[in-house]
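Structure first, commentary second.
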Amino acid sequence: MTQPLREQPLNQPTFHRFIDQIATHDPTRTGTVLAIVNVVLYSIMSLASWAGWGGWYEAAKTSPARVVTEAIALIAVNLAFGLLVVGGTVLLHPLRYRAGIRYTFIAGVAFIASVPRTMAMQAIYTTPISATFILGEWVAGFAAGFVSVAAGLFTAELVARVRTEAERRRETSRRAARAVEELQSEEMRVRRMVADRLHGTLQYQLVTVTAALDGIAERLDTGEPGHKAAADLREWADRLEQVREEEVRTLSHAIFPAGIELGTIHAIELMLQRLPPQIEAHLDVGPTLHTMVDRFEAALPSAERMIAIYTIEEAMTNALRHGGATQLWVSIEVFPTDDPATWLLDLGVDDNGRGLADPDPVLSGLARHNERLESRGGTLSLGPSVRGGVRLHAQLPFDRPAKLAG
Amino acid sequence: MDKVIRVGIVEDEAVMRGMLEQTIATDDSLAVVHSVPGVTEAKLVFTPGSVDVAMLDVHLPDGNGVALGVHLQRQDPNLAVMLLSSEDVMGLYSSVQEEAPKPWSYLSKRSSFARDVLLRALAATAHGQVVVDPYLVQRSEPRAGSAVADLTPAQFGVLRLVAEGLSNQAVAEKLGINTRSVESHLKSIYQRLGIDGDGANRRVAAVLAFIEQTGRAWRT
Numbered sequence: 582m583t584q585p586l587r588e589q590p591l592n593q594p595t596f597h598r599f600i601d602q603i604a605t606h607d608p609t610r611t612g613t614v615l616a617i618v619n620v621v622l623y624s625i626m627s628l629a630s631w632a633g634w635g636g637w638y639e640a641a642k643t644s645p646a647r648v649v650t651e652a653i654a655l656i657a658v659n660l661a662f663g664l665l666v667v668g669g670t671v672l673l674h675p676l677r678y679r680a681g682i683r684y685t686f687i688a689g690v691a692f693i694a695s696v697p698r699t700m701a702m703q704a705i706y707t708t709p710i711s712a713t714f715i716l717g718e719w720v721a722g723f724a725a726g727f728v729s730v731a732a733g734l735f736t737a738e739l740v741a742r743v744r745t746e747a748e749r750r751r752e753t754s755r756r757a758a759r760a761v762e763e764l765q766s767e768e769m770r771v772r773r774m775v776a777d778r779l780h781g782t783l784q785y786q787l788v789t790v791t792a793a794l795d796g797i798a799e800r801l802d803t804g805e806p807g808h809k810a811a812a813d814l815r816e817w818a819d820r821l822e823q824v825r826e827e828e829v830r831t832l833s834h835a836i837f838p839a840g841i842e843l844g845t846i847h848a849i850e851l852m853l854q855r856l857p858p859q860i861e862a863h864l865d866v867g868p869t870l871h872t873m874v875d876r877f878e879a880a881l882p883s884a885e886r887m888i889a890i891y892t893i894e895e896a897m898t899n900a901l902r903h904g905g906a907t908q909l910w911v912s913i914e915v916f917p918t919d920d921p922a923t924w925l926l927d928l929g930v931d932d933n934g935r936g937l938a939d940p941d942p943v944l945s946g947l948a949r950h951n952e953r954l955e956s957r958g959g960t961l962s963l964g965p966s967v968r969g970g971v972r973l974h975a976q977l978p979f980d981r982p983a984k985l986a987g
Numbered sequence: 005m006d007k008v009i010r011v012g013i014v015e016d017e018a019v020m021r022g023m024l025e026q027t028i029a030t031d032d033s034l035a036v037v038h039s040v041p042g043v044t045e046a047k048l049v050f051t052p053g054s055v056d057v058a059m060l061d062v063h064l065p066d067g068n069g070v071a072l073g074v075h076l077q078r079q080d081p082n083l084a085v086m087l088l089s090s091e092d093v094m095g096l097y098s099s100v101q102e103e104a105p106k107p108w109s110y111l112s113k114r115s116s117f118a119r120d121v122l123l124r125a126l127a128a129t130a131h132g133q134v135v136v137d138p139y140l141v142q143r144s145e146p147r148a149g150s151a152v153a154d155l156t157p158a159q160f161g162v163l164r165l166v167a168e169g170l171s172n173q174a175v176a177e178k179l180g181i182n183t184r185s186v187e188s189h190l191k192s193i194y195q196r197l198g199i200d201g202d203g204a205n206r207r208v209a210a211v212l213a214f215i216e217q218t219g220r221a222w223r224t
């Protein structure tokens with residue numbers, strides 16, 4: 582049985598923890614915070630340009646108190662302007678739109694908000710007002726507002742992308758770890774089963790045949806006519822044939838399904854043929870898979886083939902053993918997914934048996950198969966079938982074969 | 005056929021290969037031209053036109069006899085193929101018929117030890133007939149829900165023997181009826197199985213239907 586994997590403890594610097602808290606998977610929120618940080622920085626930096634324009638000098642001429650008041654007013658106006666651009670942008674839900682539209686929004690908000698800012702600047706400055714001043718303040722305001730917010734959102738988006746990628750990688754490695762564990766436990770199970778059957782059933786059957794042959798030889802020794810023994814010998818030869826066909830074949834199939842190297846469909850057809858003749862069996866190969874096979878392409882990687890074969894086999898065994906079914910319908914098809922590198926295998930086994938006693942069945946015998954499918958990102962479910970009995974439905978993602986890439 | 009039938013063997017068990025070679029050597033109308041243990045060697049020596057019948061073991065150490073047969077027959081459409089297997093792989097044999105350019109025969113290893121069965125099957129296969137292992141054929145029963153299951157027991161008995169590769173006359177002798185009734189049985193069999201076409205093709209189609217629509221219960 583696989584053990585639940587424990588999450589790696591987060592042992593990162595405090596700053597990362599802080600970032601985690603303010604911005605769990607919400608790029609808008611991260612972006613807003615970063616934009617505000619930018620706005621604050623720019624508001625403080627704007628003091629430099631004020632001094633450059635001669636604002637400090639002019640104010641100092643009046644009084645030192647005037648310098649402090651003007652500086653505070655300047656920071657306040659720039660902060661108010663910056664927050665206006667941030668707020669305006671957030672209200673428009675910029676991340677809903679693609680990059681081009683998003684940045685046009687921000688530019689628009691900054692463009693408009695820059696007007697009241699310029700007016701406020703005129704009021705604060707004691708320097709003489711000129712066209713150059715108005716144009717300069719307005720362009721500087723617009724550029725500062727746009728860059729602050731755009732940079733914030735852009736960074737937030739990068740962070741979100743990195744986060745998603747890390748998450749995806751963590752999920753992949755978690756799945757790989759489960760698959761390896763599952764593979765190991767499956768190997769142990771098969772080894773155990775093969776050893777048990779070699780020691781148990783097969784050994785016993787062979788001992789029986791040996792003893793019977795000894796018995797016949799003894800009868801011949803004591804002078805029994807040969808033709809009487811011949812009938813017995815034939816019977817035992819048949820018995821050996823059955824041991825070979827049943828025991829030996831079952832064991833070799835458990836280790837490696839017959840015909841699987843030729844392809845999934847061949848192996849399934851072989852399994853269906855092996856069903857007792859009283860069972861009616863139908864195989865429905867979907868058009869996509871059919872086309873692939875017709876083009877001699879190996880549609881499924883061998884690991885997925887193996888899972889498909891054993892899952893179908895288990896479903897058929899259950900249908901016959903527990904459901905008392907006399908008819909089986911097996912369907913198999915492959916589908917492309919949104920990810921061009923991944924395809925989906927779709928399996929269905931329907932029967933006309935007694936159906937499920939429990940509408941929400943415990944998978945018991947199928948649990949192993951379910952686990953194996955899930956560890957590879959697949960699904961398995963049991964439910965009522967339109968054919969009257971049970972329907973097993975399984976889906977399994979697989980890597981698109983290289984040959985199909987062309 | 006006056007010409008000697010050239011047989012090529014692909015079998016990994018040396019003892020089994022030797023037995024086949026020896027048995028075939030007892031018949032002057034047959035000659036083993038190649039006898040190799042695996043797919044790799046077979047692909048090298050089975051050049052088109054060098055062999056009439058290829059006897060292929062299903063399980064080979066470096067591949068699969070079924071895939072090998074399809075490969076060889078695509079290279080040489082005149083090549084007749086006989087599959088050899090120790091376990092019941094009728095399902096594989098049946099499903100490969102769609103891919104192979106020409107229908108194959110199938111003999112179990114157990115039957116191949118019987119000289120008459122082996123030599124007769126090889127000759128018939130070389131002449132374009134489909135021969136299915138007599139032991140497996142005798143164990144076969146119609147698959148529920150199939151067209152073969154709708155045949156009468158007498159018709160199914162005739163079809164069984166045809167699948168073994170017997171001629172109408174041989175079928176008649178074996179069943180103790182005359183050749184005409186065998187022919188009339190066959191006519192109804194073709195009709196029930198929905199087979200059209202000319203003589204030889206219809207016979208092969210009926211055998212393929214038999215292979216596909218029967219099963220064997222091994223568990224006792």
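These protein sequences, in sequence, are chains P and L. The numbering of the first sequence is the numbering used here, which starts it at 582 and goes up by one. The numbering of the second sequence is the numbering used here, which starts it at 5 and goes up by one. Glycine is no exception: its CB is placed at the ideal position from the N, C-alpha and C atoms.
- Cα atoms of residue 786/P and residue 924/P: separation of roughly 45 angstroms, rounded to the nearest angstrom.
- A direct Cα-to-Cα measurement between residue 147/L and residue 221/L gives close to 11 angstroms.
- Residues of chain L with a Cβ closer than 9 angstroms to the Cβ of residue 738/P do not exist; the shortest Cβ-Cβ separation is about 52 angstroms.
- DSSP places residue 69/L inside the alpha helix (DSSP H), whose first and last residues are 69-79.
- Looking from the CA of residue 852/P, the closest CA among 81/L, 152/L and 97/L belongs to 97/L.
- Under a criterion of Cβ atoms nearer than 9 angstroms, the residues of chain L adjacent to residue 855/P are, in order, 92, 94, 95, 219, 220 and 222.
- Neighbours of residue 73/L across chain P, judged by C-beta separation under 7 angstroms, do not exist; the nearest C-beta is about 11 angstroms away.
- Judged by DSSP in its simplified three-state form, residue 183/L adopts helix.
- Among the residues facing chain L, residue 843/P is included, as its CB has a counterpart in that chain under 7 angstroms away.
- Judged by their CB atoms, residue 92/L and residue 115/L are not nearer to each other than the 7 angstroms cut-off.
- Chain P has no Cβ within less than 7 angstroms of the Cβ of residue 12/L.
- Ranking 629/P, 771/P and 639/P by CA distance to the CA of residue 831/P puts 771/P first.
- If you look at residue 910/P, you'll find it in the beta strand (DSSP E) that goes 908-917.
- A Cβ-Cβ contact shorter than 7 angstroms links residue 931/P with residue 968/P.
- In this chain, residue 108/L is not harboured by any beta strand (DSSP E), its DSSP state being neither H nor E.
- The beta carbon of residue 686/P sits closer than 8 angstroms to the beta carbons of 670, 673, 675 and 678 from its chain, once the five residues preceding and following it are set aside; these are given in chain order.
- Only 114 from the stretch 108-133 of chain L bring a Cβ to less than 8 angstroms from some Cβ of chain P.
- Judged by beta-carbon spacing, residue 109/L lies within the 7 angstroms limit of residue 134/L, meaning their Cβ atoms are closer than that value.
- With distances taken between CA atoms, residue 871/P lies nearest to 914/P out of 790/P, 914/P, 783/P and 898/P.
- Residue state for residue 903/P is assigned as coil, using DSSP reduced to three classes.
- DSSP, read as helix, strand or coil, puts residue 634/P in coil.
- When DSSP assignments are scanned along the stretch 933-974 of chain P, the uninterrupted stretches of alpha helix (DSSP H) that are 4 or more residues long and fall wholly within it turn out to be 948-956.
- Taking the CA atoms as reference points, residue 725/P sits about 13 angstroms from residue 689/P.
- Residue 907/P reaches chain L at 148, counting residues in chain order whose Cβ is nearer than 7 angstroms.
- In the DSSP assignment, residue 924/P forms a beta bridge with 917/P and 979/P.
- Taking a beta-carbon distance threshold of 7 angstroms, residue 70/L counts as an interface residue toward chain P.
- In terms of Cβ geometry, residue 219/L and residue 858/P form a close pair [threshold 7 angstroms].
- Taking the C-beta atoms as reference points, residue 711/P is found no nearer than 7 angstroms to residue 659/P.
- Interface residue (Cβ-Cβ distance to chain L less than 7 angstroms): residue 858/P is classified as such.
- Distances from the CA of residue 192/L to each of 175/L, 181/L, 111/L and 210/L were compared; the closest alpha carbon is that of 210/L.
- With contact defined as three or more Cβ pairs closer than 8 angstroms, the stretch 774-786 of chain P and the stretch 822-830 of chain P are in contact.
- Of the residues assessed, residue 977/P falls on the buried side of the cut-off, its CB having 16 or more other CB atoms within 10 angstroms.
- At least one CB of chain L lies nearer than 7 angstroms to the CB of residue 847/P.
- Around the beta carbon of residue 765/P, fewer than 16 other beta carbons lie within 10 angstroms, which makes this residue exposed.
- Residue-level contact by beta carbon fails for residue 957/P and chain L, as no gap is shorter than 7 angstroms.
- Counting only unbroken stretches of 3 or more residues, no beta strand (DSSP E) element lies wholly within the stretch 190-221 of chain L.
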